[in-house]
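Oh and the sequence shown: position 33 is 33 in full-length UniProt numbering, straight run, nothing missing.
Quick reminder that beta carbons are idealized off the backbone N, C-alpha and C, glycines included.
The structure displayed is predicted, hence computed values, not measured ones.
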Amino acid sequence: MVSEARVKGWCPGAWRPMASGDGLLVRIRPHRGRLTGEQLVAVCRSAEAHGSGLVELTNRANLQLRGISEESWPALMADLADQGLIDPDPATESRRNLMLVPDWQEGDDTDVAARLLTARLADLPELPGKVGFAMDAGPAPRLTNVSADFRLERGDDSRLLVRADGRPLGTPVDSVQQAVSLMVDLAHWFVNSGGNEAGRVRRHHVPLPGWAPESAKPARATTPLQLGRHPLGAVFGLPLGRIHAAVLKTAVERSAARHVRVTPWRRLLLEGAMPQPLDGLISDNMDPRLSVDACPGAPYCEQASVATQSLAADLSQRIGSRLHVSGCSKGCATGVSAPICLVGRRGRFDLILDGRADGLPTATDLDPSDVCDYLESIDASRL
Ligand code: SF4
């Protein structure tokens, strides 16, 4: 199984890790985006025992372990199986591409829809690896800017609707059961109408079928979870989405969190925890590191020719503007435009103003050591 990791172009999982610059990358998809405090502590121990000791939180709300070797992968999988953190087989794992809005409550529409779709994974067609579902049925959508292809949302009239990503309107439904059936049917429509070639629903410019009328407007989107007190506990940030396992383990133990929810915004919701300073985690909404997105970059990603993390951390202290530092034009850290976007190319950086990593650069060929000075020279803090 691990030899498949040499192939690229899919979303890695635990069963199908991906080769990266620092070894295999293993992604864990916690069921309903939630794991117990003990499970997260066990993941931290596994990251130290079998990998580089780094734990990352992805923008699809998955946990990611790095630096796994082909020799250590089986032992890691055994640990994860003991903790109930992997699917029974690779096919189930790849189909369970499902995100819940992190503040779902037991038995609410988001929760019920997620359980129903999970029970119907076998009814889904073979979908491109990145195609996913977002269960976002709170009073207003929170996952609007998060990568997903089929969305369950609340309409501006409070009814549920199913919306294909990229379309402004969705199809109203009368029940969660109907919503899940519609999602499964739309997945089949996507494949049967040639969607695999486009790869994502947003890029599939084919009219939706007549049985999925686009007639309902979603409610106005709301913000990501803010740091600090939350009705379920407290929310904390992970600087640039990564943390040393030992630091995370200590923080989770100190917080006495019974459960931990992963979010797509590099934040963890620690259930039952109090808002408090925890070493290694961000607890202040004004922390400048919250306005920076950065992918792992070199040496962690084979496609990166530049280091991103240290530059991003440095710039966050010097530039008071939202910032994206990307190792290449793929822009894995975020698909959202940033006022300042630095993109690595052949060991140097291109600068894109008000754009994404695949945008048109304003300046090119910046030496990594000159980037800070250059941004200060154009008064980037005012951008
Ligand atoms: S943006 Fe490029 S360099 Fe960064 S993680 Fe993605 S593929 Fe690697």
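Buried or exposed (CB count within 10 angstroms, at least 16 for buried), residue i
i           : result
Asp379      : exposed
residue 403 : Given a span of 1 to 383 for the chain in the structure shown, any question on residue 403 remains unanswerable.
Met286      : exposed
His205      : exposed
Glu153      : buried
Arg163      : buried
Trp211      : exposed
Gly195      : buried
Ala5        : Any reading at Ala5 must be qualified, since the residue scores a pLDDT of 36, below 50, and its modelled position is unreliable; the value itself is stated next. So Ala5 counts as buried.
Pro231      : exposed
Ala256      : exposed
Thr171      : buried
Glu376      : exposed
residue 384 : Here the chain has residues from 1 to 383 only, and residue 384 is not among them.
Proximity below 7 Å, CB of residue i to CB of residue j
i           : j      : result
Val101      : Asp136 : yes
Gly21       : Pro368 : no
Arg289      : Pro239 : yes
Glu271      : Arg258 : yes
Arg159      : Leu225 : no
Gly67       : Ser46  : no
residue 397 : Gly155 : Nothing in the structure corresponds to residue 397, since the chain is present only between 1 and 383.
Ala187      : Pro125 : yes
Ala251      : Leu208 : no
Leu248      : Cys11  : no
Arg242      : Arg34  : no
Ala221      : Thr144 : yes
Arg229      : Pro275 : yes
Ala61       : Ala140 : no
Sequence-distant residues of the same chain with beta carbon closer than 7 Å to residue i, five excluded per side
i      : result
Arg203 : none
Asp354 : Ser337 and Pro339
Val371 : Leu311, Leu342 and Phe349
Gln39  : Gln83 and Leu85
Glu214 : Arg167, Leu169, Gly170, Thr171 and Leu208
Residues near residue i by beta carbon distance below 8 Å, same chain, minus five either side
i      : result
Arg200 : Pro128, Lys130, Val131, Asp149 and Asp165
Glu93  : Gly13, Ala14, Trp15, Arg16, Arg29, Ile86 and Asp87
Trp73  : Val2, Pro17, Leu24, Val26 and His50
Ser329 : Val343, Arg345, Ala357 and Asp358
Thr223 : Arg142
Ala363 : Asp350, Leu351 and Tyr374
Close-in-space but distant-in-sequence residues of the same chain around residue i (CB under 6 Å, 5 per side omitted)
i           : result
Ile352      : Cys341, Gly359 and Pro361
Arg32       : Leu100 and Ala114
Ala294      : Leu240, Thr308, Gln309, Ala312, Val325 and Ala333
Val146      : Pro264
Ala273      : Gly233, Ala234, Ser255 and Ala257
Val180      : Ala113, Leu116 and Leu117
Gln105      : none
Lys8        : Below a pLDDT of 50, predicted positions are generally treated as unreliable, and Lys8, at 47, falls in that range; no measurement from the model is reported.
residue 399 : Here the chain has residues from 1 to 383 only, and residue 399 is not among them.
Arg322      : Ser291, Ala338 and Pro339
For residue j and residue i, believed in contact at Cβ under 8 Å, the rounded distance
i      : j      : result
Arg346 : Ser310 : That pair is no contact at about 19 Å.
Ser326 : Ser291 : That pair is no contact at about 15 Å.
Arg120 : Val184 : 6 Å
Leu65  : Leu57  : About 11 Å separates the two Cβ atoms, so there is no contact after all.
Ala245 : Leu366 : Contact doesn't hold; Cβ gap of about 34 Å is too wide.
Leu161 : Val176 : Not really, about 12 Å apart at Cβ, beyond 8 Å.
Ser283 : Phe236 : 6 Å
When a residue counts only if its C-beta is closer than 7 Å to some heavy atom of the ligand SF4, which residues count, in chain order?
Near the ligand SF4, residues with a Cβ at less than 7 Å from any of the ligand's heavy atoms are Cys295, Pro296, Gly297, Cys301, Gln303, Ala304, Thr308, Ser326, Gly327, Cys328, Lys330, Gly331, Cys332, Ala333, Gly344 and Ala357; the list follows chain order.
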